[in-house]
Structures are given as C-alpha cells and as structure tokens.
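Protein chains in written order, with my numbering: chain A, 2 to 199; chain B, 2 to 199.
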C-alpha cells in the first residue's frame, strides 16, 4: 500500500528535519492528522510567523526578532569579549548556563570540505571585520570538538593572529558525571594535556 | 536568556509531538527557520491540506482521502477477514509486509484506564456493529503485546464470542534475528507456549 498522497507529502517534509527518520516522520505526520483543524492551522501560522519575524542579527548572526539582537543590544553585556559558535543552538546552550556575559558570533556552520562548505560560506569574514572595527579584548572559540570544528578553530585563530586580541578556546576533557573507564582515549589524552593547576 | 517569542511558541508546538523532547523540538524549530520562506509556506500548506483532505474511513477508521478508504473499496481484498489494530501506524506496518490481503479495523486507541480511555472511547462498538451486519469469517487481533493491548484483545474476544466468527491473534515470540540469550523471560515463555508443530 502507498500512503495517501497528502500524507506522503507531509511525511516527506517531516523527514527533511535533522534526526527525523522515516518512522519518526510517519509518527509525527499521523499525530498532526489527529490534531483538530484549528490546532493544525495554528501550528501552520506559528511557523509562518516565526519565519517572517525572525532574522539574523546583523552584528552576530544570531537569530532574533530584533536587529541588533537582544544580546548585542543589551548594554549590560561585555561587548569586548566575543564567543564564536557554529550554530544558534550552541549559543542557546551556552546562554542556558548563565555563566557567560560577553557577546557572540554565530558562524552559521563550520568549514567542512566534504560537504562543500569552505571558509567563505560561513560568517568568518564578518567576524574578522567585526574584530578589526571594534575594540575586542578576547575571542573565545567554542566550536564543537569534531574534526570540522577543530579545523575551523585553527583557521580562525590563524586569521586572528595579526590582531591585538586574546584568543582562547573552551576546554576539552571529561564531562561532569562521566567515568574514566568509559571515556575514549582522545578525551582522556586531552584531559591530561589540558590539566590545570589547583 | 529566553527564546525570542515566536521561536519559543514554535518550539513548544514541536514538543507536543510524540517522542520529540525539548532538544529535538529546538533543533527542528531552528532547522525550520533556516529553510527559505517559500519552503516554510509550502510546509504550512501541506499540513493544512493534509488535515483538510484526510479523514477517517467510515467503515474501518483508517485515515484516508477517500471514504471508504482505498483498502475498504478495493474489491481484490478479502472483506471477510478483519484485522484489528490500534492505530493507523500499525495498519501501515502490516501493509508494508505485503502479506495480508484482508481488511482492517482501526480502533484508534486501546483500553487504558490509567489514561482514562475506556471501551467506549475507542472504535469497539463500531467493530461489533460491523461484524453483526456483515458476513465476517475471521477477526485477527493485532494489538501490541502490552498490558493495554492484551486487555483490549481479551475484551474484544469476549464480545465476539456470541458471533459465528473465528477469532485469532498474531503470534508472540522471538523476533527474527534476535538472540535467546538477550530475550526477556516473558517473550521466551510465550515463544515456548505458542510453539508450532513442524
């Protein structure tokens, strides 16, 4: 049996989302069809509204309703420290800690030659411009500890060398609550390499 | 930091879907915002269209664009055998095997007192009516082997006793490719209990 056409289209669309496979897409589409019509209409409107209202901040490329975004326009934040992340979701993860009071720069990706993403496809040039035009004291590289994240960090740190700016990166090591026994070798090596004096 | 309002609304809505937690909802919402406006519009339209066009079949309560549904109106199918499932997704799972040529009855749930779902909240009455008004030879109960599924199967089989109809249920036992060592006790007991002569 084939799915009835409108259902098939809906499932196809749900499958486009990251980490949603065919089973999840089917489950979500069927769940949607079980909702009431006004609810479905509301969901559709929410999507369109969010897409219309939310844009990239012209300073840090965070997603926001306002431009500059809530963070860039907040005078209580330290705009001399820029934390560089690859995606908005990473910015949100850092914000949830309530530990960081600087501003951000969202690259909107990482350099990944396998996926055809080069240095010019992400917001690196904008970061360099921002640093050359403003008085920045420190740039914290907070990219994921993956091959692509590492390569991007290295690339950016080289570009930043000529500027009079501190460059740091977030620590790699054992996550809290984890177990040495089950940690992988690279994580343990990094944890030893980056040990701190107490 | 709080999410910007339209984003928060969108994430809330995604979280309502089954098996979508806060992280997945955030990921899906951010992915949606990265789509182009026409794509978002298309997705919204697909949802509304699917909701408008797809209704329950008045015979078997499958979801379909037509009424009766494609299965009920297919004259090549054996309408004397009814397979009872709890959800449309179970019907789809059985259809994918291409092994079953009868028709279905989708209960739209199972009896679950803990969730406040009684026998009258699902399509049991409609099943009984269907059996009393048509010449049905066999009813195959294909509910999930959970406490609720079992209870519902038992309940239906009792209701069907007065009718001159064969009642069967799908086999419970070890799934193909699994390992006795890792199977749970109840599954193994069931597999032994339901052994077949070869």
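Using N, Cα and C, we set each Cβ at its ideal position, and we do this for glycine too.
From the options, pick the residue whose C-alpha is nearest to that of residue i; which is it?
i, options, result
"residue 61 (chain A)", "A:39, A:140, A:38 and A:117", "A:140"
"residue 106 (chain A)", "A:27, A:127 and A:148", "A:127"
"residue 52 (chain B)", "A:70, A:30 and A:132", "A:30"
"residue 170 (chain A)", "A:183, A:155 and A:179", "A:155"
"residue 167 (chain B)", "B:115, B:13, B:136 and B:25", "B:136"
"residue 80 (chain B)", "B:132, B:39 and B:68", "B:132"
"residue 17 (chain B)", "A:44, A:161, A:7 and A:6", "A:44"
"residue 159 (chain B)", "B:183, B:172, B:184 and B:129", "B:129"
"residue 100 (chain B)", "B:40, B:4 and B:78", "B:78"
"residue 50 (chain B)", "A:13, A:41 and A:113", "A:41"
"residue 194 (chain B)", "B:178, B:183 and B:173", "B:173"
"residue 120 (chain A)", "A:90, A:138 and A:157", "A:157"
"residue 65 (chain A)", "B:46, B:47 and B:35", "B:35"
"residue 88 (chain B)", "B:63, B:151, B:192 and B:163", "B:63"
"residue 37 (chain B)", "A:48, A:76, A:134 and A:151", "A:48"
"residue 56 (chain B)", "A:184, A:162 and A:33", "A:33"
"residue 138 (chain A)", "A:183, A:84 and A:4", "A:84"
"residue 134 (chain B)", "B:24, B:39 and B:164", "B:164"
"residue 54 (chain A)", "B:10, B:82, B:26 and B:46", "B:10"
"residue 125 (chain A)", "A:24, A:102, A:115 and A:152", "A:152"
"residue 4 (chain A)", "A:26, A:21 and A:196", "A:26"
"residue 82 (chain A)", "A:71, A:76, A:102 and A:90", "A:102"
"residue 191 (chain B)", "B:6, B:24 and B:146", "B:146"
"residue 28 (chain A)", "B:15, B:75, B:118 and B:6", "B:15"
"residue 7 (chain A)", "B:46, B:197, B:6 and B:24", "B:46"
"residue 24 (chain A)", "B:24, B:90, B:76 and B:75", "B:90"
In this structure, what does DSSP give as the bridge partners for residue i?
i, result
"residue 106 (chain B)", "B:85"
"residue 169 (chain B)", "B:141"
"residue 79 (chain B)", "B:103"
"residue 113 (chain B)", "B:118"
"residue 64 (chain A)", "A:57"
What residues in its chain sit with their C-beta under 8 Å from that of residue i, if we drop five residues either side in the sequence?
i, result
"residue 86 (chain A)", "92, 95, 105, 106, 107, 108, 143 and 144"
"residue 59 (chain A)", "68 and 69"
"residue 181 (chain A)", "175 and 189"
"residue 149 (chain B)", "111, 112 and 113"
"residue 118 (chain A)", "110, 111 and 112"
"residue 22 (chain A)", "16"
"residue 161 (chain A)", "129, 132, 140 and 168"
Within a Cβ cutoff of 7 Å, which residues of the same chain sit near residue i, ignoring the five residues on either side of it in sequence?
i, result
"residue 97 (chain A)", "none"
"residue 73 (chain B)", "58, 60, 61 and 104"
"residue 122 (chain B)", "110"
"residue 71 (chain A)", "65"
"residue 12 (chain B)", "4, 26, 27 and 30"
Tell me which residues share the same chain as residue i and place their Cβ nearer than 6 Å to its Cβ, disregarding the 5 neighbours each side in the sequence.
i, result
"residue 199 (chain A)", "none"
"residue 179 (chain A)", "none"
"residue 184 (chain A)", "175"
"residue 196 (chain A)", "none"
Relative to chain B, which residues along the segment 70 to 94 of chain A have a C-beta separation below 9 Å, given in chain order?
70, 71, 72, 88, 89, 90, 92 and 93
Report the residue ranges of all alpha helix (DSSP H) runs contained in full by the segment 32 to 60 of chain B; include only those spanning at least 4 residues, in chain order.
38 to 54
For the segment 12 to 40 of chain B, enumerate the residues whose C-beta is nearer than 7 Å to any C-beta of chain A, in chain order.
14, 18, 19, 20, 25, 27, 28, 29, 31, 32, 33, 34 and 38
Which residues, in chain order, does the segment 49 to 64 of chain A contribute to contact with chain B at a C-beta distance below 8 Å?
49, 50, 51, 52, 53, 54, 55 and 64
Please name the residues in the segment 139 to 161 of chain A whose beta-carbon is closer than 9 Å to at least one beta-carbon of chain B, in chain order.
none
Interface positions of the segment 161 to 176 of chain B facing chain A (Cβ-Cβ less than 8 Å), listed along the chain
none
What residues in the segment 99 to 130 of chain A have a beta carbon less than 9 Å from any beta carbon of chain B?
99 and 109
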